[in-house]
Amino acid sequence: MLDAFIAFIRAERGLSGKTVDAYAADINVYFEDLRSRGVADVTQVRQEDVSAHLAALGKRGLGKRSQARHLAALRGFHRFLVAERMADKDPTEDLDTPRSARKLPVFLTLDEVEQLLAAPDERTSTGLRDKAMLEVLYATGLRVSELCGLGINDVQLTAGYLVAKGKGAKERLVPLGRVAIEKVQAYLAESRPAVLGKRKSQALFVTPRGSGFTRQGFWKLLKRYALKAGILKPLSPHKLRHSFATHLVERGADLRAVQQMLGHADLATTQIYTHVNAARLRSVYDEFHPRSDVFVPKAKKPRASAAR
Numbered sequence: 001m002l003d004a005f006i007a008f009i010r011a012e013r014g015l016s017g018k019t020v021d022a023y024a025a026d027i028n029v030y031f032e033d034l035r036s037r038g039v040a041d042v043t044q045v046r047q048e049d050v051s052a053h054l055a056a057l058g059k060r061g062l063g064k065r066s067q068a069r070h071l072a073a074l075r076g077f078h079r080f081l082v083a084e085r086m087a088d089k090d091p092t093e094d095l096d097t098p099r100s101a102r103k104l105p106v107f108l109t110l111d112e113v114e115q116l117l118a119a120p121d122e123r124t125s126t127g128l129r130d131k132a133m134l135e136v137l138y139a140t141g142l143r144v145s146e147l148c149g150l151g152i153n154d155v156q157l158t159a160g161y162l163v164a165k166g167k168g169a170k171e172r173l174v175p176l177g178r179v180a181i182e183k184v185q186a187y188l189a190e191s192r193p194a195v196l197g198k199r200k201s202q203a204l205f206v207t208p209r210g211s212g213f214t215r216q217g218f219w220k221l222l223k224r225y226a227l228k229a230g231i232l233k234p235l236s237p238h239k240l241r242h243s244f245a246t247h248l249v250e251r252g253a254d255l256r257a258v259q260q261m262l263g264h265a266d267l268a269t270t271q272i273y274t275h276v277n278a279a280r281l282r283s284v285y286d287e288f289h290p291r292s293d294v295f296v297p298k299a300k301k302p303r304a305s306a307a308r
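Taking UniProt numbering, I'd label the letters of the sequence shown as residues 1 to 308.
This is the structure in structure tokens:
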């Protein structure tokens with residue numbers, strides 16, 4: 001059965017040699033575990049048997065992501081048996097895929113954002129350009145690739161929005177705040193012509209060579225300004241995107257509106273920012289509520305003795 005399945009995925013599914021080998025190894029481990037549990041006929045495996053197998057892998061230290069990959073191999077194998085009428089039922093059909101706990105995104109505080117945005121020297125052409133880029137990034141929550149891909153015609157300053165080209169070449173409208181609009185206007189009027197010189201470019205934000213920014217180029221620029229602003233935590237363009245979303249959700253923004261602005265296909269991706277807000281509220285509660293487990297009352301100041 002295993003040989004037939006391996007031949008099938010090699011020929012029909014076009015998987016790489018390494019992936020096929022990994023599937024074979026996973027299924028062999030599965031077979032060994034089933035035999036140790038007294039299950040001799042793989043066509044008679046129950047959902048409980050597969051669940052017990054995955055639990056055993058977890059006890060051996062296999063991470064959730066590796067368990068999910070392992071289960072994918074088992075699913076493929078059992079579906080193949082059903083399709084080929086070697087088995088009546090797929091025992092993996094109703095099993096949930098093991099999922100790793102999602103890490104809460106790291107974001108900047110409002111004070112840190114203000115420090116970062118104040119770092120460029122607007123008296124220089126490149127400083128004014130950099131100021132406009134940072135303001136746009138924080139004002140819109142764009143991905144760095146979307147920021148670097150902005151064209152001169154993608155920004156509608158009078159209407160107060162820009163057109164972002166996201167994943168899968170999908171376009172979306174994103175509002176621009178007053179400060180970002182003012183800085184882009186100043187950049188277009190004063191800085192961009194000075195940076196470009198006689199060169200021509202369709203890119204909104206340009207380098208002295210006349211080209212648009214690369215992701216790596218903007219990342220280096222951001223790190224330089226973070227250092228200048230005294231921000232010690234690791235900073236990337238995506239953390240400004242996290243900051244944009246977190247600050248909106250903290251102030252009660254509708255989650256679906258935030259989803260649209262970020263260009264998330266799935267609302268579940270945006271919901272991570274509600275967990276960030278919940279974690280922040282928890283820390284405030286723990287620090288200040290007298291019935292929390294970690295509350296420490298502040299020492300009272302001694303009263304000044306009454307004058308005689």
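All C-beta atoms, glycine included, are put in the ideal place defined by N, C-alpha and C.
Quick one, are the C-beta atoms of Ser211 and Val113 less than 8 Å apart? Residue 211 sits at position 211 when you count from the first residue of the sequence shown. Residue 113 sits at position 113 when you count from the first residue of the sequence shown. Taking 8 Å as the Cβ cut-off, Ser211 and Val113 do not qualify as a contacting pair.
Which residues in the same chain as Val82 place their Cβ atom closer than 8 Å to its Cβ, once the five residues preceding and following it in sequence are excluded? Position 82 of the sequence shown holds residue 82. By the criterion of a C-beta distance shorter than 8 Å, Val82 is surrounded in its chain by Asp88, Lys89, Asp90, once the five residues flanking it on both sides are discounted.
Rounded to whole angstroms, what's the CA-CA distance from Phe31 to Pro175? Just pull it up for me. For the purposes of this step, residue 31 is identified with residue 31 of the sequence shown, where counting begins at 1. For the purposes of this step, residue 175 is identified with residue 175 of the sequence shown, where counting begins at 1. Each residue's alpha carbon lies about 56 Å from the other.
Between the CA atoms of Leu267 and Asp33 - distance to the nearest angstrom: If you number the sequence shown from 1, residue 33 lands on position 33. If you number the sequence shown from 1, residue 267 lands on position 267. Just so you know, the alpha carbons of Asp33 and Leu267 end up roughly 39 Å apart.
N- and C-terminal bounds of the alpha helix (DSSP H) containing Arg172: Counting from 1 along the sequence shown, the entry for residue 172 is found at position 172. It is not in any alpha helix (DSSP H) - Arg172 instead sits in the beta strand (DSSP E) that spans 171-175.
Beta bridge counterpart(s) of Gly151 as assigned by DSSP: What you label residue 151 is simply residue 151 of the sequence shown in a count that begins at 1. For Gly151, DSSP records a beta bridge to Ala203.
Should Gln259 be labelled buried (16 or more other beta-carbon atoms within 10 Å of its own) or exposed? In the sequence shown, the residue the question calls residue 259 occupies position 259. Its Cβ being crowded by 16 or more others within 10 Å, Gln259 is buried.
Answer yes or no: do Ala265 and Lys183 have a C-beta to C-beta separation smaller than 8 Å? The residue you call residue 265 lines up with position 265 of the sequence shown. The residue you call residue 183 lines up with position 183 of the sequence shown. Taking 8 Å as the Cβ cut-off, Ala265 and Lys183 do not qualify as a contacting pair.
Three-pair Cβ contact test at 8 Å for the region 134-148 versus the region 188-197: Proximity of the region 134-148 to the region 188-197 falls short of the contact definition, fewer than three beta-carbon pairs being nearer than 8 Å.
Who are the Cβ neighbours of Arg79 in its own chain at under 6 Å, not counting the five residues just before and after it? Working through the sequence shown from its first residue, we reach residue 79 at position 79. For Arg79, where only same-chain residues beyond five positions count, the Cβ hits under 6 Å are Asp90.
Can you name the residues that DSSP bridges to Ala240? Looking up residue 240 in the sequence shown gives position 240. It is Leu, not Ala, that sits at residue 240 in the sequence shown. DSSP, once it has assigned bridges, lists no residue as partnering Leu240.
So, at 8 Å on beta carbons, what are the nonlocal neighbours of Asp49 in its own chain, with the 5 sequence-adjacent residues on each side left out? As a working mapping, residue 49 is identified with position 49 in the sequence shown. Once the five neighbours on either side are set aside, the close Cβ partners of Asp49 are Leu34, Arg37, Val39, Pro91.
On the CB-based measure, 16 or more other CB atoms within 10 Å of its CB, does Asp121 come out buried or exposed? As a working note, residue 121 is residue 121 in the sequence shown. Under this definition Asp121 is an exposed residue.
Can you tell me whether Asp26 is buried or exposed? The criterion is at least 16 other CB atoms within 10 Å of its CB, across all chains shown. What you label residue 26 is simply residue 26 of the sequence shown in a count that begins at 1. Label assigned to Asp26: buried.
Does Gln47 come out as helix, strand or coil in the three-state DSSP assignment? The count along the sequence shown starts at 1 and reaches residue 47 at position 47. It is helical.
Compare the beta carbon distance of Gly263 and Arg172 with 8 Å and say whether it is the shorter of the two. Locating residue 263 in the sequence shown gives position 263, counting from the first residue. Locating residue 172 in the sequence shown gives position 172, counting from the first residue. If you check the CB distance, Gly263 and Arg172 come in under 8 Å.
Could you check where the beta strand (DSSP E) with Lys165 kicks off and where it finishes? The residue labelled residue 165 in the question sits at position 165 within the sequence shown. For Lys165, the enclosing beta strand (DSSP E) has its first and last residue at 161-165.
Which residue or residues does DSSP assign as beta-bridge partners of Gln260? Here residue 260 refers to the residue found at position 260 of the sequence shown. When beta bridges are read from the DSSP output, Gln260 appears opposite no residue.
The alpha helix (DSSP H) enclosing Lys183, as first and last residue numbers: Numbered from its first residue, the sequence shown carries residue 183 at position 183. That run of the alpha helix (DSSP H) goes 178-186.
Supposed contact pair Val163 and Phe218 - C-beta distance, whole angstroms, cut 8 Å: Against the sequence shown, residue 218 aligns to sequence position 218. Against the sequence shown, residue 163 aligns to sequence position 163. For a cut-off of 8 Å, the C-beta gap from Phe218 to Val163 is around 19 Å, too long to register as a contact.
Which same chain residues, not among the five before or five after Thr43, have their C-beta less than 7 Å away from its C-beta? The residue you call residue 43 lines up with position 43 of the sequence shown. Here the set comprises Leu81, Met86, Ala87.
For the putative contact between Asp154 and Leu204, defined by C-beta atoms under 8 Å, what is the C-beta separation to the nearest angstrom? Here residue 154 is taken as the residue at index 154 of the sequence shown, counted from 1. Here residue 204 is taken as the residue at index 204 of the sequence shown, counted from 1. Right, their Cβ atoms sit about 7 Å apart.
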